[in-house]
Amino acid sequence: MSRDTGRFTVLHVSDLHATESGLLYDAVDGVGRLERVGDYALATGITPEAVVVTGDLIERGNPGAYAAVAAACARLEDRLAAPVLTVLGNHDDAVAARDLPRHADGHVAAHLIDGVRIVRLDSRAGSVDAEQLAWLQRELAEPAERGTIVALHHAPLGSPLPTLRRQGLRNAEALLDVLDGTDVRAILAGHFHHSLAASMRRIPVFVGPSLAYHQVMNAGPDAVAGHDSPMFSLVQLTSDGVSASAIALHSPEPLFTQPITRTAQKVTHVS
Ligand SMILES: [Fe+2]
Numbered sequence: 037m038s039r040d041t042g043r044f045t046v047l048h049v050s051d052l053h054a055t056e057s058g059l060l061y062d063a064v065d066g067v068g069r070l071e072r073v074g075d076y077a078l079a080t081g082i083t084p085e086a087v088v089v090t091g092d093l094i095e096r097g098n099p100g101a102y103a104a105v106a107a108a109c110a111r112l113e114d115r116l117a118a119p120v121l122t123v124l125g126n127h128d129d130a131v132a133a134r135d136l137p138r139h140a141d142g143h144v145a146a147h148l149i150d151g152v153r154i155v156r157l158d159s160r161a162g163s164v165d166a167e168q169l170a171w172l173q174r175e176l177a178e179p180a181e182r183g184t185i186v187a188l189h190h191a192p193l194g195s196p197l198p199t200l201r202r203q204g205l206r207n208a209e210a211l212l213d214v215l216d217g218t219d220v221r222a223i224l225a226g227h228f229h230h231s232l233a234a235s236m237r238r239i240p241v242f243v244g245p246s247l248a249y250h251q252v253m254n255a256g257p258d259a260v261a262g263h264d265s266p267m268f269s270l271v272q273l274t275s276d277g278v279s280a281s282a283i284a285l286h287s288p289e290p291l292f293t294q295p296i297t298r299t300a301q302k303v304t305h306v307s
C-alpha cells in the first residue's frame, strides 16, 4: 500500500481562499501556506500517496489567483511525488478553475492510486447534481482493490456550530443513497473551516480544517469569527480502518521537548 508506512496516506488540505493580491484579510497567504504544508511533510518524513484539497481554492471574485494556485499544486506534486487532487467549493469559479491541473476537461473525475480510488465531485452549488450522481453510481458499481475515498467541498451533514448548521450538502440523502453499500471508506470535505469527524450510513466523514482561517466555536449564536490558525489533516487508510489527525501549521511556543527513550519492548515518554 504505502511506500514507507504500510498505510495509504492522504494530506487533506482545504479552503485556501487565495487572492489575486496574494493576501486574504491583509494577512493570509493561502498559496504560501500550501507551500508550507509541503515543507511540513518533507521535514517530518510524511510520504503521502495523494494530496486532496477540498475546495475554496480561491476567495470569491479572485479568478486571477488560480495561476498561482495551479503552480503551487504542481510544485507540491513534484516535491511530494504524489498527485494533488483538487475539488471546487462555493468560492471557486468553474471557468477559471480549468487552469488547475486535471481540471481542463471538467471538475469531476476518479483517480486510481495504489489500489485506492479517489473520486472528485463538484458541489459548488451546495449540492451534487443528478448528472454527477448518475456518473458516481456507474463508477462505484465496480469496487476498487483497496476501496474508495470521495472528496467534495460540502459535507453530507451540518456543522455543530449553530451558525453553520445548514451549511452541509443540501442533497446529502441523495449522495448517501448512492454511496450506501459501496466500497467507499471515507468522505473528505471542507467548507466549515473547522475539523469534524462523523459517520453517515456507517461511512466515516472527515471535514478538514482550513488553511486560511479557523472558524472558532465561541463567536456567539449570531456571528462567525475566523482566527489565524491554519491547519490541515493527515488521513490514513489501513487494511482495516481509517484515521484523521488535524495538524496545526503555526507552531506555538513549545512547553517541552525531550527525547523518547526506546527499549526493545516499549517506547516510554513523560506526558
Ligand atoms: Fe471556505
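Note that my numbering has the sequence shown beginning at 37, numbered continuously upward. We put the CB at the ideal spot given by N, CA and C, even for glycine.
Give me the Cα-Cα distance between residue i and residue j, rounded to the nearest whole angstrom.
| i | j | result |
| --- | --- | --- |
| Gly162 | Gln294 | 47 Å |
| Thr274 | Leu205 | 28 Å |
| Gly277 | Thr45 | 12 Å |
| Leu224 | Glu289 | 31 Å |
| Asp219 | Ala177 | 9 Å |
| Ile149 | Arg182 | 10 Å |
| Asp75 | Leu211 | 35 Å |
| Asp158 | Gly58 | 25 Å |
| Leu136 | Gly194 | 29 Å |
| Ser281 | Val131 | 33 Å |
| Val144 | Gln272 | 23 Å |
| Thr122 | Thr80 | 23 Å |
| Ala284 | Ala133 | 27 Å |
| Gln105 | Pro196 | Note that residue 105 corresponds to Val in the displayed sequence, not to Gln. Distance between the alpha carbons of Val105 and Pro196 is about 30 Å. |
| Leu124 | Ser235 | 23 Å |
| Ala248 | Arg174 | 35 Å |
| Pro245 | Arg237 | 23 Å |
| Leu78 | Glu167 | 39 Å |
| Phe268 | His48 | 6 Å |
| Ala261 | Leu188 | 23 Å |
| Asp51 | Val243 | 11 Å |
| His286 | Asp216 | 38 Å |
| Ala170 | Gly91 | 22 Å |
| Leu172 | Pro240 | 18 Å |
| Ala146 | Leu112 | 20 Å |
| Leu93 | His229 | 13 Å |
| Pro257 | Thr199 | 7 Å |
| Thr297 | Ile185 | 37 Å |
| Gly66 | His127 | 14 Å |
| Ala252 | His263 | According to the sequence shown, residue 252 is Val rather than Ala. Cα to Cα, the separation comes out at about 7 Å. |
May I ask which residues mark the beginning and end of the alpha helix (DSSP H) holding residue i?
| i | result |
| --- | --- |
| Val214 | 208-215 |
| Arg72 | 66-80 |
Beta-carbon within less than 7 Å of residue i's beta-carbon, same chain only, minus the 5 sequence neighbours each way: which residues are those?
| i | result |
| --- | --- |
| Asn207 | Ser163, Val164 |
| His190 | Ser159, Gly162, Gly204, Leu205, Ala225, His227 |
| Ala110 | Pro137 |
| Pro192 | Gly204, Leu205, Ala208, Leu211, Leu212, Ile223, Met236, Val241 |
Going by beta carbon distance, what residues of the same chain come within less than 8 Å of residue i, once the five residues before and after it are set aside?
| i | result |
| --- | --- |
| Arg202 | Gly194 |
| Val214 | Leu169, Leu172, Gln173, Leu176 |
Assuming residue i is part of the beta strand (DSSP E), what are its boundary residues?
| i | result |
| --- | --- |
| Val105 | It is not in any beta strand (DSSP E) - Val105 instead sits in the alpha helix (DSSP H) that spans 102-116. |
| Arg153 | 152-156 |
| Gln3 | As shown, the chain starts at 37 and ends at 307. That puts residue 3 outside it, with no answer to give. |
| Leu172 | Premise fails: Leu172 lies in the alpha helix (DSSP H), 166-176, not in any beta strand (DSSP E). |
| Leu224 | 220-225 |
Does residue i get closer than 8 Å to chain C when you measure Cβ to Cβ?
| i | result |
| --- | --- |
| Ala255 | This model lacks chain C altogether, as it is built from one protein chain only. |
Can you name, in chain order, every residue of its own chain whose Cβ lies under 6 Å from the Cβ of residue i, other than the five neighbours on each side?
| i | result |
| --- | --- |
| Ser265 | His250 |
| Val88 | Val46, His48, Leu121, Ala187, Leu224 |
- [ ] With ligand 1 as the reference, list in chain order each residue whose Cβ lies under 5 Å from any of its heavy atoms.
- [x] Asp51, Asp92
Task: the segment 108-122 / the segment 82-99 touching (three or more Cβ pairs under 8 Å) - done: yes
Open item on the list: With three or more beta-carbon pairs closer than 8 Å as the criterion, would you say the segment 51-71 touches the segment 90-104?
Closed with: yes
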